[in-house]
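As structure tokens, the structure follows; a few thoughts come after it.
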Amino acid sequence: MEIALPRNWRLAVRSLPWGWTAVSLVLVLLLAIPVITIPIGALAPAGEAWAHVSETLLPSYFGNTLFLVLTSGTIAAVIGAGTAWLVAMCDFPGRRLFRWALVLPLAVPAYMAAYVYSGMVGVTGPIQRMIRAVVPGAGDTLFYWNVMRIEVVAVLFGLVLFPYVYLPARALLESRAGPTLEAARVLGRGHASVFWSIGLPLARPALVGGVALVLMEVVNDYGAVKYYGVPTFTTGIFRAWFSLGDLDSAIRLSAMLMMLVLTLLVIERWQRGQARYVTSGEASRPAPYRLRGAKGLAAALFCAVPIAFGFLLPVLQLILWALRTAPQVVDGRFVRLAANSLGLAGLAGLIAVTIALVLSYTSRLDRTDITRAASRVALLGYSVPGAVIAVGVLTVSIFLDGIFGGGARLILTGTVVALVAAYVVRFLAVAYLPVEAGLERVGTNLTEASRMLGARPLRTLLRIEVPLLRGTLVAAGTLVVIDVLKELPLTLILRPFNFDTLATRAFQLASDEQVAESAPAALLVILCATLVVAVLHRTLDGKPDLGR
Amino acid sequence: MENRTLVAENPPAAPSRTPALALEGVGKRYPGADCDALRGIDLEIRDRELVAVVGQSGCGKTTMLRIIAGLEVPDTGTVRIGGKVVAGPGTWVAPEHRGVGMVFQDFALFPHLKVEQNIAYGLNHLPRAARKDRIQRMLELVDLEGLGSRYPHQLSGGQQQRVALARSLAPEPKVLLLDEPFSNLDAPLKASLRDGLTKVIRRTGVPTLLVVHDVEDVVVLANRVAVLREGRIVQQGSPIGLCQNPGDPYTARFFERLRTPDANRFPIEAIEEETGAGTS
Chain A
4 MEIALPRNWR LAVRSLPWGW TAVSLVLVLL LAIPVITIPI GALAPAGEAW
54 AHVSETLLPS YFGNTLFLVL TSGTIAAVIG AGTAWLVAMC DFPGRRLFRW
104 ALVLPLAVPA YMAAYVYSGM VGVTGPIQRM IRAVVPGAGD TLFYWNVMRI
154 EVVAVLFGLV LFPYVYLPAR ALLESRAGPT LEAARVLGRG HASVFWSIGL
204 PLARPALVGG VALVLMEVVN DYGAVKYYGV PTFTTGIFRA WFSLGDLDSA
254 IRLSAMLMML VLTLLVIERW QRGQARYVTS GEASRPAPYR LRGAKGLAAA
304 LFCAVPIAFG FLLPVLQLIL WALRTAPQVV DGRFVRLAAN SLGLAGLAGL
354 IAVTIALVLS YTSRLDRTDI TRAASRVALL GYSVPGAVIA VGVLTVSIFL
404 DGIFGGGARL ILTGTVVALV AAYVVRFLAV AYLPVEAGLE RVGTNLTEAS
454 RMLGARPLRT LLRIEVPLLR GTLVAAGTLV VIDVLKELPL TLILRPFNFD
504 TLATRAFQLA SDEQVAESAP AALLVILCAT LVVAVLHRTL DGKPDLGR
Chain P
167 MENRTLVAEN PPAAPSRTPA LALEGVGKRY PGADCDALRG IDLEIRDREL
217 VAVVGQSGCG KTTMLRIIAG LEVPDTGTVR IGGKVVAGPG TWVAPEHRGV
267 GMVFQDFALF PHLKVEQNIA YGLNHLPRAA RKDRIQRMLE LVDLEGLGSR
317 YPHQLSGGQQ QRVALARSLA PEPKVLLLDE PFSNLDAPLK ASLRDGLTKV
367 IRRTGVPTLL VVHDVEDVVV LANRVAVLRE GRIVQQGSPI GLCQNPGDPY
417 TARFFERLRT PDANRFPIEA IEEETGAGTS
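Chain order of the listed sequences is A and P. For the first sequence, the residue numbers in the working numbering are 4 to 551. For the second sequence, the residue numbers in the working numbering are 167 to 446.
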């Protein structure tokens with residue numbers, strides 16, 4: 004709906020009762036405390052254990068994390084940018100299918116892919132056994148290739164995380180690159196030249212933003228690096244807390260990891276420079292490069308390989324395992340496990356969407372710098388690794404239990420309350436961004452009309468915005484649910500004693516060399532995620548596709 | 167004093183009564199803007215009066231409406247509705263408590279609510295039966311009987327405007343504001359809608375302030391015109407008075423079309439006759 008007013012003419016400063024602002028600020032404070040606790044806690048004088056950690060372990064944590072970040076980032080960038088260019092700019096066999104299927108690897112959590120591959124191509128896996136049996140001499144010379152290496156982890160990350168680059172890059176190329184690229188072609192530039200001279204620079208903000216997301220996921224990971232025995236900051240945090248009971252060192256490592264993430268974000272901002280995502284504007288697909296014969300085949304292969312390795316193979320393997328183990332594994336306990344996970348995720352999703360709605364509504368109606376800054380602070384959690392948030396929530400809950408609980412009664416620590424709170428802190432942004440965009444789409448004039456008719460802000464929100472945004476709210480909540488279902492490190496640290504989710508159960512079985520038994524739980528998670536990824540991609544994407 | 171010869175139906179308000187709406191020295195500057203959006207606005211609207219605000223785009227017309235509605239906060243000055251201060255030094259009444267009705271430029275109908283639910287939106291305080299009764303009366307008033315269970319997107323532009331009007335009048339506002347009510351409608355539709363609108367507003371007698379572009383709208387609708395330029399009221403008076411004695415070149419140009427009769431334009435006498443006849 005078009006509003007004829009200039010953009011900066013908004014609802015009045017005081018048109019929102021102070022209560023809304025107060026509630027929002029309290030919410031933001033609660034959300035920010037676990038995050039802020041970390042750098043503050045790191046300022047305290049170091050204990051003796053820290054000297055040991057910092058001398059003997061820190062260099063390898065730092066080196067490995069950096070290696071993973073650089074290698075996986077590069078792989079994801081190459082696959083993401085390449086597939087985005089092919090799908091957006093070229094015509095080749097299977098393009099329409101690939102356009103959609105290239106998102107699927109997002110549904111596979113990196114740690115699940117990690118242990119599936121270790122089972123498949125590891126020393127005792129079917130592939131190496133087959134090689135030893137078939138290739139003459141391989142068995143005698145002891146062909147044992149150890150796949151449990153950091154390079155393999157880096158490649159795995161690249162394979163399952165590249166859609167974070169592919170999606171924004173493709174959207175950018177499809178939505179606004181058309182005229183520029185056509186101009187370049189008319190001026191006589193060849194395909195490769197147009198890619199390097201126009202395509203890449205145009206897509207750079209999207210590429211940089213996408214790679215930043217990939218790197219966030221890489222430093223967030225615990226399951227894959229732990230399984231492959233690669234010491235990083237996250238495994239260090241786990242070791243400090245679980246093996247040594249050393250919260251102080253855990254806080255320090257968390258603070259360093261936060262610094263690392265912060266550095267990444269600063270680099271992203273700086274790299275993006277003035278350029279911004281432009282998602283608006285008519286989708287005009289430029290005349291595609293027709294790739295026929297060998298070239299077309301190569302293009303199809305370039306898209307098919309990441310899908311095969313990032314989605315199809317691991318899922319296929321999991322299905323094979325699940326067929327074998329499901330009869331024993333799927334029992335009453337498994338159903339309770341699934342119910343646990345879904346209930347927890349649903350609760351976190353509901354709370355996150357409600358908070359997102361209150362915060363974005365407040366900052367939209369009460370356009371002061373305070374509320375705007377506050378809503379940004381509330382989104383901090385998404386860029387903070389789950390293990391760090393877990394340590395933050397743990398610190399706060401131990402502190403609060405010390406004050407209110409008194410002795411043995413723990414109200415927060417090791418309870419579902421702390422766990423859900425941590426999920427909300429971590430994933431609020433996932434709900435916030437679509438809700439904010441939805442409110443922006445509805446515009447201010449229906450809100451104003453409602454208030455002119457005597458409805459207070461709360462009634463307006465419930466009767467106008469909520470029904471109009473029903474679809475958006477459900478989608479936002481579902482995104483949170485999926486993220487919670489996949490979440491591992493935070494859950495492992497904060498879950499109550501003997502409490503399991505699908506993710507932790509799958510990971511633990513895999514860690515206990517019961518990879519096949521872990522398959523049903525893992526498959527259930529991937530199935531939910533796949534459905535959501537596929538459906539959301541279709542609906543979010545519906546319009547530009549119709550124009551073809 | 168204002169010239170009231172144009173509209174026979176509206177008797178001059180008794181001078182002793184408090185004005186329905188009064189602005190005193192109202193000023194507003196948007197953060198970051200280099201000049202005032204409004205400066206020292208003084209304006210009064212009395213019962214049954216229909217006042218038009220004209221001026222070039224960006225001169226502050228819409229800001230003025232929004233300040234009265236409570237959608238913007240004035241920097242200076244006082245706004246009174248029915249004698250009660252709703253905005254002024256240390257006073258602020260939220261839009262939902264002002265009793266002001268507003269028809270938005272794009273109508274702002276709630277797309278997920280039926281016509282009758284749209285009209286009922288501001289009637290929350292009424293008991294069910296009274297509410298139903300009021301909805302029915304409003305639908306009759308704007309000639310939309312039988313369309314109550316439609317959704318806004320199932321209506322034509324003109325019907326949507328009438329729903330918006332019915333919705334804003336239903337809670338019996340003390341003042342009605344119309345923000346360019348015809349800018350979203352096709353030209354052929356406009357004349358008949360304008361007559362309908364005038365009829366409805368006059369019948370309810372609600373004091374009305376409207377922002378319009380077209381000189382014909384002014385002459386047909388308004389008892390009084392205020393000319394706004396660069397955030398200030400430079401002239402106000404009856405349409406005829408302003409037409410005959412324009413205070414500045416803009417006002418002169420605005421009314422010029424009325425003085426040069428051509429095939430598509432009414433000469434002003436014809437309008438006088440027409441409105442005189444049409445409203446008696």
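Each residue gets a CB set at the ideal place from its N, CA and C atoms; glycine is no exception. Just so you know, these numbers come straight off a predicted model, no measurement behind them.
Which of helix, strand or coil DSSP assigns to residue i
i                        : result
arginine 13 (chain A)    : The predicted position of arginine 13 (chain A) is uncertain, since its pLDDT is 36 and thus under 50; a value taken from the coordinates is nonetheless stated next. Coil, per DSSP.
tryptophan 148 (chain A) : coil
leucine 362 (chain A)    : helix
aspartate 200 (chain P)  : coil
tyrosine 120 (chain A)   : helix
isoleucine 414 (chain A) : coil
valine 173 (chain P)     : Confidence is the limiting factor: at valine 173 (chain P) the pLDDT is only 38, short of 50, which leaves the residue's position unreliable and the question unanswerable from this model.
cysteine 93 (chain A)    : strand
leucine 46 (chain A)     : coil
leucine 129 (chain P)    : Given that chain P is displayed from residue 167 to residue 446, the structure contains no residue 129 (chain P) and the question cannot be resolved.
tryptophan 21 (chain A)  : helix
glutamate 439 (chain P)  : Note that glutamate 439 (chain P) has pLDDT 46, beneath the 50 cutoff, so the model's placement of it is unreliable and no number is given.
arginine 293 (chain A)   : strand
glycine 480 (chain A)    : helix
threonine 1 (chain A)    : Outside the modelled stretch of chain A, which goes from 4 to 551, sits residue 1 (chain A), for which no answer is possible.
tyrosine 280 (chain A)   : Confidence at tyrosine 280 (chain A) is low in this model, with a pLDDT of 46, below 50, so its placement is unreliable and the value that follows should be read with caution. DSSP places tyrosine 280 (chain A) in coil when its eight states are reduced to three.
aspartate 251 (chain A)  : helix
tyrosine 225 (chain A)   : coil
glycine 128 (chain A)    : coil
Spatially closest choice to residue i from the options, by CA coordinates
i                           : options                                   : result
leucine 205 (chain A)       : A:Leu218, A:Phe236 and A:Ala172           : A:Ala172
leucine 449 (chain A)       : A:Arg466, A:Pro437, A:Val433 and A:Leu436 : A:Arg466
proline 240 (chain P)       : P:Gly248, P:Ala260, P:Gly221 and P:Gly249 : P:Ala260
proline 523 (chain A)       : A:Cys531, A:Ala509 and A:Gly232           : A:Ala509
alanine 537 (chain A)       : A:Val318, A:Thr507, A:Val119 and A:Leu107 : A:Leu107
valine 222 (chain A)        : A:Gly457, A:Thr266, A:Ser121 and A:Thr365 : A:Thr266
phenylalanine 305 (chain A) : A:Leu33, A:Ile254 and A:Pro96             : A:Pro96
proline 126 (chain A)       : A:Ile39, A:Val487, A:Arg336 and A:Val150  : For the record, residue 126 (chain A) in the displayed sequence is valine; it is not proline. For the residues A:Ile39, A:Val487, A:Arg336 and A:Val150, the minimum Cα distance to valine 126 (chain A) belongs to A:Val150.
valine 385 (chain P)        : P:Pro405, P:Gly324 and P:Pro185           : P:Pro405
tyrosine 196 (chain P)      : P:Pro293, P:Ile233 and P:Gln325           : P:Ile233
leucine 394 (chain P)       : P:Gln327, P:Leu209 and P:Ala186           : P:Leu209
isoleucine 414 (chain A)    : A:Leu397, A:Tyr426 and A:Phe430           : A:Leu397
arginine 152 (chain A)      : A:Tyr120, A:Leu176 and A:Thr183           : A:Tyr120
glycine 76 (chain A)        : A:Leu159, A:Tyr64, A:Gln131 and A:Leu105  : A:Leu159
valine 264 (chain A)        : A:Ala458, A:Val356 and A:Val72            : A:Val72
Paired residues, beta bridge with residue i - DSSP
i                        : result
isoleucine 207 (chain P) : P:Val192
tryptophan 258 (chain P) : P:Ala253
threonine 374 (chain P)  : P:Leu216 and P:Leu342
methionine 230 (chain P) : Answer is none; methionine 230 (chain P) lacks a bridge partner.
threonine 244 (chain P)  : P:Glu190
methionine 268 (chain P) : P:Leu343
alanine 392 (chain P)    : P:Val219 and P:Gln402
arginine 419 (chain P)   : Partner(s): none; arginine 419 (chain P) has no beta bridge.
Proximal residues of chain P, C-beta to C-beta of residue i below 9 Å
i                       : result
glutamate 451 (chain A) : Arg232, Ala235, Leu237, Pro261, Met268, Phe270 and Ala274
leucine 471 (chain A)   : Phe276, Pro277 and His278
Under 8 Å by beta carbon: chain P residues contacting residue i
i                      : result
arginine 375 (chain A) : Going along chain P, no residue has its Cβ under 8 Å from arginine 375 (chain A), so there is no contact; the nearest lies around 13 Å.
Amino acids of chain A, ordered along the chain, whose beta-carbon sits closer than 8 Å to that of residue i
i                      : result
tyrosine 287 (chain P) : Ser453, Leu456, Ala458 and Arg466
proline 337 (chain P)  : Leu456 and Gly457
Chain-ordered chain A contacts of residue i [CB-CB under 7 Å]
i                      : result
arginine 328 (chain P) : Those within 7 Å of arginine 328 (chain P) in chain A number zero; the least Cβ separation is about 15 Å.
Under 9 Å from the C-beta of residue i: neighbouring residues of chain A
i                      : result
arginine 333 (chain P) : Ala452 and Leu456
Checklist entry - Looking at C-beta atoms only, is the number of pairs between the segment 349 to 358 of chain P and the segment 293 to 312 of chain P that lie closer than 8 Å three or more? => result Output reads no: the segment 293 to 312 of chain P does not touch the segment 349 to 358 of chain P.
Checklist entry - Taking three-plus beta-carbon pairs below 8 Å as touching, is the segment 313 to 327 of chain A in contact with the segment 382 to 402 of chain A? => result No: the two stretches stay apart, fewer than three of their Cβ pairs being nearer than 8 Å.
Next on the checklist: For the pair the segment 360 to 374 of chain P and the segment 296 to 303 of chain P, tell me if three or more CB-CB distances fall below 8 Å.
Outcome noted: With a cut-off of 8 Å, the segment 296 to 303 of chain P and the segment 360 to 374 of chain P do not count as touching, because too few Cβ pairs lie within range.
Item to check | Sufficient close CB pairs (3 or more, under 8 Å) joining the segment 84 to 91 of chain A to the segment 485 to 499 of chain A | outcome: Judged by pairs of C-beta atoms under 8 Å, the segment 84 to 91 of chain A does not touch the segment 485 to 499 of chain A, as fewer than three such pairs exist.
Checklist entry - Does the segment 332 to 345 of chain P come close enough to the segment 253 to 272 of chain P that 3 or more CB-CB pairs lie under 8 Å? => result For the pair of segments examined, the segment 253 to 272 of chain P was found to touch the segment 332 to 345 of chain P: the number of CB pairs separated by less than 8 Å reaches three.
Checklist entry - Using 8 Å as the threshold, is the segment 292 to 312 of chain A in touch with the segment 429 to 440 of chain A, meaning 3 or more CB pairs across them? => result Segments in contact, no.
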